[in-house]
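Reviewing the structure listed below.
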Amino acid sequence: MGHYGLRRLLTRDSRVELLDACAGGAEALEVLRAAAQGGTPVQLMFLDVQVPELDGFGVLAALVRDSPPVPMPEVAMNSP
Numbered sequence: 000m001g002h003y004g005l006r007r008l009l010t011r012d013s014r015v016e017l018l019d020a021c022a023g024g025a026e027a028l029e030v031l032r033a034a035a036q037g038g039t040p041v042q043l044m045f046l047d048v049q050v051p052e053l054d055g056f057g058v059l060a061a062l063v064r065d066s067p068p069v070p071m072p073e074v075a076m077n078s079p
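The sequence shown begins at 0 in numbering that gives the first Met the number 0 and counts up by one.
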């Protein structure tokens, strides 16, 4: 399922919002940290482990190192 298919799947339920989609791991970290610092942390993240710049495992490792950590469930997957 491509990115846009996922977006449509998530937005069918009016209680769910997809606010950010990132092109790579470095951008994802910026978005996650900014949201947490702004008082509206991301509540669920779908992460491809083979994203550009910084892979998904690197994103997760950076989140664990953050102080305070960014708590949220993560769903890691690999694109075919």
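Where a beta carbon is used, it is the ideal one built from N, C-alpha and C, also for glycine. Just so it is clear, the structure is predicted and the values come from calculations on it, not from any experiment.
Check	Outcome
Which of the three DSSP states is assigned to Leu18 in this structure?	coil
So is Val74 buried or exposed if we call it buried at 16+ other beta carbons inside 10 Å?	exposed
Helix, strand or coil: how does DSSP classify Pro40 here?	coil
Note down the Cα distance separating Gly1 from Gly38, rounded to an integer number of angstroms.	Caution is warranted here: a pLDDT of 47 is assigned to Gly1, below 50, making its placement in the model unreliable, and the coordinate value is therefore given only provisionally. If I take the Cα positions, the gap works out to 30 Å.
Consult DSSP for Leu31 and reduce its assignment to one of helix, strand or coil.	helix
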